[in-house]
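Report on the following structure.
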Amino acid sequence: MGEIKISPDYNWFRSTVPLKKIIVDDDDSKVWSLYDAGPRNIRCPLIFLPPVSGTADVFFQQILALSGWGYRVIALQYPVYWEIFEFCDGFRKLLDHLQLDKVHVFGASLGGFLAQKFAEYTHKSPRVQSLILCNAFSDTSIFNQTWTANSFWLMPAFMLKKIVLGNFASGPVDTEMADGIDFMVDRLESLGQSELASRLTLNCQNSYVEPHKIRDIPVTIMDVFDQSALSTEAKEEMYKLYPNARRAHLKTGGNFPYLCRSAEVNLYVQIHLLQFHGTRYAAIDPSMVSAEELEVQKANLQASSEQEQQQQQQQQS
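Going by the UniProt record's numbering, the first residue of the sequence shown is number 1, and it counts up by one from there.
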């Protein structure tokens, strides 16, 4: 792999946070890859699930920053699963293997959909304490690909990559976003045919979230106002599904805000997790909590958000 332009922190991350490989299924070919950083005494960590094109290390900026602040974070790359039920069963076994009773889950795009389905799958014996859904969706029919979902396994890797790249932003973007897209293209190239085909199958096979099974779970919906693969209709559907969800809006960030707007994303993650501080579901070491500092950051974020809204209103009038 060539030099990663997105951040000098990436090479530091690769050299300091070990990649673990874990098998939890009877099938030895199904290997979970994960980065586990932060204090091991935390029993309810934040778990990151990547989009179709992503690997576990696309969240390296969240892993470095959040673990440095005292949070335990785990970024996952799941093995080849062709059915959502299979994925959910494998994820449950992984949590059992890691001896984690409940977790917070940050899911990006397909990762967000799978996070909701896992919360739904385990609703009778809950394993998900809260959800952060970044550019996520609740119904696969929005992609209009349900009829092709069963044929992805036949397609060669280059065709699958072309399908995924078709959803990447086109047109002018700033330097951080361009570097983020380059990084994701690099990660996409590292995925094999079966990994890509299975992810696209999960992304497009006919399935939707049943909200009544997970309505008691605290949710933050994180999305962007600029161009992303998610339609306005899909976003509106998410708001309807979770009327009580907190909303974390980023003015820009495209499909991969965790890469190109990591400071904002990391702050919103902390604000979401703040509600669990001081409880058994805290994702942070109690000795590392600085709620006052976070409140200051929160106030600054709200002030800048209000300023942006005022500017937009002035431009419209």
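Beta carbons are placed, not taken as given, at the ideal position from N, Cα and C, and that holds for glycine.
Taking the straight line between their C-alpha atoms, what separation do you get for residue i and residue j?
i: aspartate 139; j: phenylalanine 118; result: 14 Å
i: serine 63; j: asparagine 206; result: Looking at the sequence shown, residue 63 is not serine but isoleucine. Isoleucine 63 and asparagine 206: Cα-Cα distance of roughly 33 Å.
i: residue 333; j: isoleucine 217; result: This structure gives no information on residue 333, because the portion of the chain shown stretches from 1 to 317.
i: serine 53; j: serine 190; result: 9 Å
i: glutamate 264; j: valine 224; result: 11 Å
i: tyrosine 258; j: serine 151; result: 31 Å
i: residue 340; j: valine 164; result: It is not possible to answer for residue 340, since the shown part of the chain is limited to 1 through 317.
i: histidine 104; j: leucine 188; result: 26 Å
i: phenylalanine 168; j: glutamate 195; result: 19 Å
i: tyrosine 71; j: glycine 38; result: 6 Å
i: serine 67; j: phenylalanine 59; result: 12 Å
i: leucine 154; j: glutamine 193; result: 9 Å
i: glutamate 176; j: valine 80; result: 31 Å
i: methionine 159; j: valine 185; result: 14 Å
i: lysine 20; j: asparagine 266; result: 23 Å
i: residue 326; j: proline 18; result: The chain is shown from 1 up to 317; residue 326 falls before or after that span and cannot be answered.
i: proline 51; j: phenylalanine 256; result: 9 Å
i: glutamine 61; j: valine 289; result: 20 Å
i: arginine 92; j: leucine 274; result: 25 Å
i: aspartate 28; j: threonine 55; result: 20 Å
i: asparagine 11; j: glutamine 116; result: 32 Å
i: histidine 249; j: tyrosine 242; result: 15 Å
i: serine 33; j: leucine 95; result: 13 Å
i: lysine 102; j: cysteine 204; result: 28 Å
i: residue 319; j: aspartate 26; result: Within the shown structure, residues of the chain are numbered from 1 to 317, placing residue 319 beyond reach of any answer.
Does the beta-carbon distance from residue i to residue j come in below 8 Å?
i: isoleucine 47; j: isoleucine 84; result: no
i: glycine 107; j: leucine 100; result: no
i: alanine 283; j: isoleucine 142; result: no
i: glycine 253; j: arginine 261; result: yes
i: leucine 44; j: tyrosine 281; result: According to the sequence provided, residue 44 is cysteine. The question's leucine does not apply to it. Going by C-beta atoms, cysteine 44 is nearer than 8 Å to tyrosine 281.
i: serine 198; j: tryptophan 82; result: yes
i: leucine 49; j: glycine 90; result: no
i: isoleucine 221; j: glutamate 120; result: no
i: aspartate 57; j: tyrosine 78; result: no
i: histidine 97; j: valine 24; result: yes
i: valine 219; j: leucine 131; result: yes
i: phenylalanine 137; j: leucine 230; result: yes
Which residue comes first and which comes last in the beta strand (DSSP E) that contains residue i?
i: methionine 222; result: 219 to 224
i: tryptophan 12; result: Careful: tryptophan 12 lies outside any beta strand (DSSP E), inside the alpha helix (DSSP H) at 9 to 16.
i: lysine 20; result: 19 to 23
i: serine 130; result: 128 to 134
i: phenylalanine 48; result: 46 to 49
Taking the alpha helix (DSSP H) that residue i belongs to, which residues open and close that run?
i: tyrosine 35; result: Premise fails: tyrosine 35 lies in the beta strand (DSSP E), 31 to 37, not in any alpha helix (DSSP H).
i: isoleucine 142; result: Looking at the DSSP string, isoleucine 142 is not in any alpha helix (DSSP H), and its letter there is neither H nor E.
i: alanine 157; result: 157 to 165
i: phenylalanine 59; result: Looking at the DSSP string, phenylalanine 59 is not in any alpha helix (DSSP H), and its letter there is neither H nor E.
Measuring alpha carbon to alpha carbon, tell me which residue in the options is nearest residue i.
i: histidine 272; options: Ala178, Leu241, Asp182 and Cys134; result: Cys134
i: proline 8; options: Phe183, Asp226 and Val289; result: Phe183
i: glutamine 286; options: Ile42, Asp174 and Asp27; result: Here residue 286 is proline; the residue named in the question, glutamine, does not match the sequence. Of Ile42, Asp174 and Asp27, the residue nearest in Cα terms is Ile42.
i: isoleucine 22; options: Ser15, Thr16, Arg14 and Val31; result: Val31
i: glutamate 210; options: Lys240, Thr232 and Ile181; result: Lys240
i: valine 128; options: Pro156, Ala157, His277 and Cys88; result: Cys88
i: serine 109; options: Pro243, Phe13, Pro172 and Leu202; result: Leu202
i: serine 228; options: Tyr208, Ala65 and Val173; result: Val173
Chain D beta carbons: is any one of them nearer than 8 Å to that of residue i?
i: serine 151; result: Chain labels in this structure do not include chain D; a single protein chain is all it has.
Open item on the list: Extract the residue ranges of the beta strand (DSSP E) inside the segment 228 to 298, only unbroken runs of 3 or more that lie entirely within it.
Closed with: Counting only runs of 3 or more, we get 246 to 250.
- [ ] Would you list, in sequence order, the uninterrupted beta strand (DSSP E) runs of no fewer than 3 residues that lie entirely inside the segment 71 to 122?
- [x] 73 to 77 and 103 to 108
Task: Segments of 4+ residues assigned as alpha helix (DSSP H) that fall wholly inside the segment 167 to 209 - done: 175 to 189 and 193 to 204
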